[in-house]
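Undergrad:
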Amino acid sequence: MVPRGRGARIHRDQPGQARLYDHPHEARLAALCRVSDRHQRQQASDHDQSRAAGPGADGGARRALCRDRRILGPDTPLRSPDRHGQRLGQTDLARAHRLHRGDGGVSEAAPDLTLAILTYDRPRGLEATLRSCLAQRNTLGLTMEIVVVDNHPAGAGGEVVEALSPASPWPIRYVSDLARNMATLRNRGFMEARGRWLAVIDDDETADADWTDALVGALKATGADIAVGPRFAVFEEGGPPAYDPEGRQFVRDLGLPDLSEIALTGPSGRPRYGLGTGNSIFDLKRCFPDGRSAMREAFGDAGGEDAELFVRLHRQGRRIVWAARARVTETVFRNRTAIPYRLLRTRRETQHYVSIYIDGARHPALARVELFVKGLIQTALGGVLSWLTLEHRSTSRLRWRLLIQHGLGKLTWRRPVGFIDEASA
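If you read the sequence shown in the numbering used here, its first letter stands for residue 219, the second for the next number, and so on.
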């Protein structure tokens, strides 16, 4: 893992670590960068020693140190340390540095903005997401980096990153992390970020061309700590399912004016919205001043860690605003519109709601009783109405079966649904 605030010069031959692709020959470039870094540090050290030794001592000190540490002198033609043994000059080395780190040259300065993408076995989706990120207008003139955290052992995301990196205006870092805990993976994205701001987008989403401008602009205009934007949907099957002809279940649009502050909880602590991190931006220092992990890993297996994060930060006094112009579009795959999947996901989301509500309630015991009674009523009412209307046989109606799942989620929140295998849904 690369600590926040430090650059990464790690190449693909080191398994299990972050890999930076800014050129097809990234291993060779990484090795050249290490030589250049040592050379630059040595020059600075030589300069300090020559000043202490007096005039005329600089050249001798440099030659002696170069011999002792096997670092080439500044005027010596450089030889690549890779297996090809090709000779390169100072111009080639400077170019290698620029390609390996991005257009910012050799500067170690942190970027303004980090874009984080978590991916799992969606190379085509990841490619679309990355292309939309690389197509940002960036009228604010931000310096950026992109971090891709891949959770699939096949590492198909790495091939996508490698293919797109040569033409990227910003550095792209690829991180392979096989942890089977969503909170841990999301935390990895946060920890890898070097920017002041971290924007998150999922590998099934594509961003509008002014997405980063709208997110960062919302924080600058309001002084808020977090901003979230709307998510619209396109369907793999060409249109929304019959039970939701307008596709409302698949859209996040709070209907608030642009730059409005979002009150995530009511006076009783009850969550009003369930927000995910897709299409959001965080001011990292203000949201996490103590450097602690963003997500609570206890939620990692059951899910809901991102919704809990937003509510927790809101309860801590962080301001969250609605960035209505920061639009992304999600591709809704066929399996996600299947009725069994929608029912199971509704139960799981209700369990998340209950856990978060009780966690922050002023009187947790009363909250548990309230939710239990409400769960009984919803389950019974939904069951009766689903039977009376024959909805359980319908593919175009889902209202009462969803009500049942809302009730069951409140009754079974201590036995979480957990991970849903979307491939088999």
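All C-beta atoms, glycine included, are put in the ideal place defined by N, C-alpha and C.
Buried or exposed, going by whether 16 or more other CB atoms sit within 10 Å of the CB of Gly625?
TA: Here residue 625 refers to the residue found at position 407 when the sequence shown is read from its first residue. Answer is buried; the Cβ neighbour count reaches 16.
Undergrad: Ends of the beta strand (DSSP E) at Arg449?
TA: Taking the sequence shown and counting its residues from 1, the one referred to as residue 449 is at position 231. Unbroken beta strand (DSSP E) run through Arg449: 449–453.
Undergrad: Just curious, the beta strand (DSSP E) that Trp540 is in, first and last residue?
TA: Within the sequence shown, numbered from 1, the residue matching residue 540 stands at position 322. Element bounds for Trp540: 538–540.
Undergrad: How should His581 be labelled, buried or exposed, when 16 other C-beta atoms within 10 angstroms of its C-beta is the threshold for buried?
TA: For the purposes of this step, residue 581 is identified with residue 363 of the sequence shown, where counting begins at 1. It counts as exposed.
Undergrad: Would you kindly work out how many angstroms separate the C-alpha atoms of Thr361 and Ala439, rounded to a whole number?
TA: Indexing the sequence shown from 1 puts residue 361 at position 143. Indexing the sequence shown from 1 puts residue 439 at position 221. Taking the straight line from one Cα to the other gives about 19 Å.
Undergrad: Is the beta carbon of Ala401 less than 8 Å from the beta carbon of Gly518?
TA: What you label residue 401 is simply residue 183 of the sequence shown in a count that begins at 1. What you label residue 518 is simply residue 300 of the sequence shown in a count that begins at 1. Result yes, Cβ atoms of Ala401 and Gly518 sit closer than 8 Å.
Undergrad: Could you check whether the region 445–456 touches the region 558–573, counting it as contact only if at least three pairs of C-beta atoms, one from each stretch, sit closer than 8 Å?
TA: These segments do not touch.
Undergrad: Could you check if Asp471 is buried or exposed, using at least 16 other CB atoms within 10 Å of its CB as the buried criterion?
TA: Residue mapping note: residue 471 aligns to position 253 of the sequence shown, counting from 1. Per the 10 Å Cβ criterion, exposed.
Undergrad: Mind checking which residues open and close the beta strand (DSSP E) that includes Leu352?
TA: By one-based count along the sequence shown, residue 352 stands at place 134. Where Leu352 is concerned, there is no enclosing beta strand (DSSP E), although the alpha helix (DSSP H) it sits in stretches over 341–352.
Undergrad: Is the Cβ-Cβ distance between Val550 and Ile419 less than 8 Å?
TA: In the sequence shown, counting from the first residue as 1, residue 550 sits at position 332. In the sequence shown, counting from the first residue as 1, residue 419 sits at position 201. No, the Cβ-Cβ distance between Val550 and Ile419 is not below 8 Å.
Undergrad: Could you check what DSSP says for Tyr338 in three-state terms: helix, strand or coil?
TA: For the purposes of this step, residue 338 is taken as residue 120 along the sequence shown, with counting starting at 1. Residue state, collapsed to three classes: coil.
Undergrad: Residues in its own chain within less than 8 Å of Asp395 by CB, not counting five upstream and five downstream?
TA: As a first step, residue 395 is located in the sequence shown; it is residue number 177 there, counting from the start. Only Val367, Asp368, Asn369, Thr402, Leu403, Arg406 meet the Cβ criterion.
Undergrad: Would you kindly report the start and end of the unbroken beta strand (DSSP E) that includes Trp415?
TA: Taking the sequence shown and counting its residues from 1, one reaches residue 415 at position 197. That run of the beta strand (DSSP E) goes 415–418.
Undergrad: Residues bridged to Arg543 by DSSP?
TA: Here residue 543 refers to the residue found at position 325 when the sequence shown is read from its first residue. Bridge partners of Arg543: none, in fact.
Undergrad: Could you tell me the distance, in whole angstroms, from the CA atom of Gln467 to the CA atom of Gly359?
TA: For the purposes of this step, residue 467 is taken as the residue at position 249 of the sequence shown. For the purposes of this step, residue 359 is taken as the residue at position 141 of the sequence shown. One C-alpha to the other measures close to 36 Å.
Undergrad: Using 10 angstroms around the beta-carbon of Ile595, count the other beta-carbons present and answer buried if the total reaches 16, otherwise exposed.
TA: As a working mapping, residue 595 is identified with position 377 in the sequence shown. Ile595 should be labelled exposed.
Undergrad: How many whole angstroms separate the CB atoms of Leu437 and Asp501, which I take to be in contact at a CB cut-off of 8 Å?
TA: In the sequence shown, the residue the question calls residue 437 occupies position 219. In the sequence shown, the residue the question calls residue 501 occupies position 283. Rounded, the Cβ-Cβ distance is 6 Å, consistent with contact.
Undergrad: How many Å lie between Asp255 and Arg530 at the Cα?
TA: The count along the sequence shown starts at 1 and reaches residue 255 at position 37. The count along the sequence shown starts at 1 and reaches residue 530 at position 312. The predicted model places Asp255 with a pLDDT of 47, which falls under 50 and marks its position as unreliable, so this point remains unresolved.
Undergrad: Which value, in whole angstroms, describes the spacing of the CA atoms of Glu423 and Arg536?
TA: On the sequence shown, position 205 is the one that residue 423 refers to. On the sequence shown, position 318 is the one that residue 536 refers to. Glu423 and Arg536: Cα-Cα distance of roughly 26 Å.
Undergrad: Starting from Tyr575 and walking both ways along the beta strand (DSSP E), at which residues does that stretch end?
TA: Locating residue 575 in the sequence shown gives position 357, where the first residue counts as 1. Segment 557–578 is the alpha helix (DSSP H) holding Tyr575; no beta strand (DSSP E) there.
Undergrad: What does the alpha-carbon distance come out to for the pair Cys351 and Leu621?
TA: Working through the sequence shown from its first residue, we reach residue 351 at position 133. Working through the sequence shown from its first residue, we reach residue 621 at position 403. Taking the straight line joining both Cα atoms gives about 38 Å.
Undergrad: So within the region 435–490, which uninterrupted beta strand (DSSP E) runs reach at least 3 residues, ignoring any that extend past its ends?
TA: Fully enclosed beta strand (DSSP E) runs of 3 or longer: 444–446, 449–453.
Undergrad: Counting C-beta neighbours from all protein chains within 10 Å, is the total for Gln623 16 or more, i.e. buried, or is it exposed?
TA: The residue labelled residue 623 in the question sits at position 405 within the sequence shown. Gln623 should be labelled buried.
Undergrad: Could you give the distance in angstroms between the alpha-carbon of Pro458 and the alpha-carbon of Val602?
TA: Here the question's residue 458 lines up with position 240 in the sequence shown. Here the question's residue 602 lines up with position 384 in the sequence shown. Rounded to whole angstroms, Pro458 to Val602 spans 27 Å at the Cα level.
Undergrad: Tell me whether Thr549 sits in a helix, a strand or coil according to DSSP, three-state version.
TA: Indexing the sequence shown from 1 puts residue 549 at position 331. DSSP places Thr549 in strand when its eight states are reduced to three.
Undergrad: Would Glu363 and Pro384 qualify as a contact pair, given that the criterion is a beta-carbon distance under 8 Å?
TA: Along the sequence shown, one-based indexing puts residue 363 at 145. Along the sequence shown, one-based indexing puts residue 384 at 166. No, Cβ-Cβ distance for Glu363 and Pro384 is not below 8 Å.
Undergrad: Gly413: which of Asp524, Ala334, Leu599 sits nearest, CA to CA?
TA: Start at 1 with the first residue of the sequence shown, and residue 413 comes out as number 195. Closest option to Gly413, Cα to Cα, is Ala334.
Undergrad: Are the beta-carbon atoms of Asp639 and Ala542 separated by less than 8 Å?
TA: For the purposes of this step, residue 639 is taken as residue 421 along the sequence shown, with counting starting at 1. For the purposes of this step, residue 542 is taken as residue 324 along the sequence shown, with counting starting at 1. The answer is no: Cβ separation not under 8 Å.
Undergrad: Just the Cα atoms here: how many angstroms apart are Glu588 and Glu380?
TA: In the sequence shown, the residue the question calls residue 588 occupies position 370. In the sequence shown, the residue the question calls residue 380 occupies position 162. Approximately 53 Å between the Cα atoms of the pair.
Undergrad: For Glu515, report the span of its beta strand (DSSP E) as first-last.
TA: By one-based count along the sequence shown, residue 515 stands at place 297. Glu515 -> no beta strand (DSSP E), and no H or E assigned at all.
Undergrad: In three-state DSSP terms, what is Glu244?
TA: Against the sequence shown, residue 244 aligns to sequence position 26. Note that Glu244 scores 41 on pLDDT, short of 50, meaning its location in the model is unreliable; the coordinates nonetheless yield the value given after this. Note: Glu244 maps to helix in three-state DSSP.
Undergrad: Going by DSSP, which residues form a beta bridge with Asp368?
TA: Position 150 of the sequence shown, counted from the first residue, corresponds to residue 368. Asp368 pairs with Thr337, Ser394.
Undergrad: Could you say which of Leu493, Ala374, Ile538 lies nearest to Asp443 if we only look at CA atoms?
TA: Within the sequence shown, the letter at position 225 stands for residue 443. The shortest C-alpha separation from Asp443 is found at Ile538.
Undergrad: For Gly484, which residues in the same chain have their Cβ closer than 7 Å to its Cβ, ignoring the five residues on either side in sequence?
TA: Position 266 of the sequence shown, counted from the first residue, corresponds to residue 484. Correct list, in chain order: Arg490.
Undergrad: Tell me the DSSP secondary structure of Ser499 in three-state form.
TA: Walking along the sequence shown from the start, residue 499 turns up at place 281. With the sequence shown as reference, residue 499 is identified as Ile, and Ser is not the correct amino acid for it. Three-state result, Ile499: strand.
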